[in-house]
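Residues 121 to 400 in the working numbering are what the sequence shown spells out, letter by letter. Positions of the beta carbon are idealized from the N, C-alpha and C atoms, including for glycine. Note that the structure is predicted; figures quoted are calculated from it, not measured. Here's the structure, in structure tokens; my notes come after.
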Amino acid sequence: MTKEIDRYAVFGNPVKHSKSPQIHTLFAAQTRQPIVYTAQQVAIGDFDNAVADFINNNGKGLNITVPFKEDAWQRANQRSERAQRAGAVNTLMLLDDGSLYGDTTDGVGLVRDLTSNHNITIKDKNVLLIGAGGAVRGVLEAILQQQPAALLIANRTKNKAVQLAEDFSDLGNVRGCGLDEIDNAHFDIVINGTSASLQDKLPPLPATIFKDGSCSYDMMYAAQATPFMQWSADNGAALVLDGLGMLVEQAAESFYIWRGVKPDTAPVIKHIRDLLLKKR
């Protein structure tokens, strides 16, 4: 009797835009892991049922995207320390005893893209993180573990940024403020953790925030430069990056959690980038 193939998927709503099936299929081919990976749109309110159905059909692991990361956190029977603190889970793994282990790989993905793929040092740098939603909360611990000199979280709603900074204050020098309070500060690394780029919008920022040799990073990605990337290039950022590398690196961490094998991300990042450029 042939062994049923292990199944993995990304759950979201909407999910048809997801690059995860392409990324994980490339990882599987590269590492010779016999898996099937698909994208599944899940109805709002039906997350737990969808997870149960998936597991009953030889599902072994899931990636979770918006709006279900908090649902996944609640559904997980065990959580990693980083997922516990983030309050969100983007990776679920079925354990041998039938329980679900939850983890979050976004922070690892961002830091690896910056440090390994682009040789950017975060240690002792002044970092600005724009936004105070789930995307930002999910990467704070990983950034602070790199020991920046200071990390400022700036958000339209000041109170959310201040609260978020307090939640992570034990990990390093972090504080929160309103977007209108950045004023004359200058930063080595500026990270846009808002979804403004998806609406072709730009967070209101002073044009003087970039130090000489600074890096601008948009967690979003597109075939062309996002409005934030274009604005950064026009206002003095030396290196301007999008979040495609973060996407592939967080996927690689999920793949490693599931399969115990670390894929080579560089050719996959190039492949997905080439596909994006062809669609322009």
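Environment of T385 [buried if 16+ CB atoms lie within 10 Å]: buried
Distance, Cα to Cα, L397 vs Q266? 32 Å
Please tell me whether A345 has its Cβ less than 8 Å away from any Cβ of chain D. Here there is only one protein chain, and chain D is not present.
Please name the residue or residues paired with A176 in a DSSP beta bridge. Reading off the sequence shown, one finds Asn at residue 176, where the question assumed Ala. In DSSP, N176 forms no bridge with anything.
Please state if the CB of P141 and the CB of A85 are separated by a distance shorter than 8 Å. The chain is shown from 121 up to 400; residue 85 falls before or after that span and cannot be answered.
Can you name the residues that DSSP bridges to G298? BP columns for G298 point to N275.
Boundaries of the alpha helix (DSSP H) in which M366 is found, first to last residue: 364-379
Going along the chain, which residues of its own chain have a beta-carbon closer than 6 Å to the beta-carbon of A206, five neighbours each way excluded? T224, R257, G258
Residues in the same chain with beta-carbon distance under 7 Å from K331, minus the five sequence neighbours each way, listed in chain order, please. H306, F307, D308
How many whole angstroms separate the CB atoms of C297 and K278, which I take to be in contact at a CB cut-off of 8 Å? 6 Å
Measure the beta-carbon distance from D338 to T346 and round it to whole angstroms, keeping in mind my assumption that it falls under 8 Å. About 5 Å separates the beta carbon of D338 from that of T346, a gap short enough to meet the 8 Å contact definition.
Around the C-beta of E369, are 16 or more other C-beta atoms found within 10 angstroms, so that it is buried, or is it exposed? buried
Which first and last residues belong to the beta strand (DSSP E) in which F348 is found? Note, F348: premise wrong, no beta strand (DSSP E); alpha helix (DSSP H) at 347-354.
Give the DSSP bridge partners of A181, in chain order. Note that residue 181 corresponds to Gly in the displayed sequence, not to Ala. Answer is Y128, M213, bridged to G181.
Going by DSSP, what residues sit across from T158 in a beta bridge? In the DSSP output, where bridge partners are listed per residue, T158 has A129.
Under a three-way DSSP split, which group does L248 fall into? strand
Could you tell me the boundaries of the alpha helix (DSSP H) in which V231 lies? V231 -> alpha helix (DSSP H) spans 226-232.
Spatial distance of E301 from S374 (CA atoms): 37 Å
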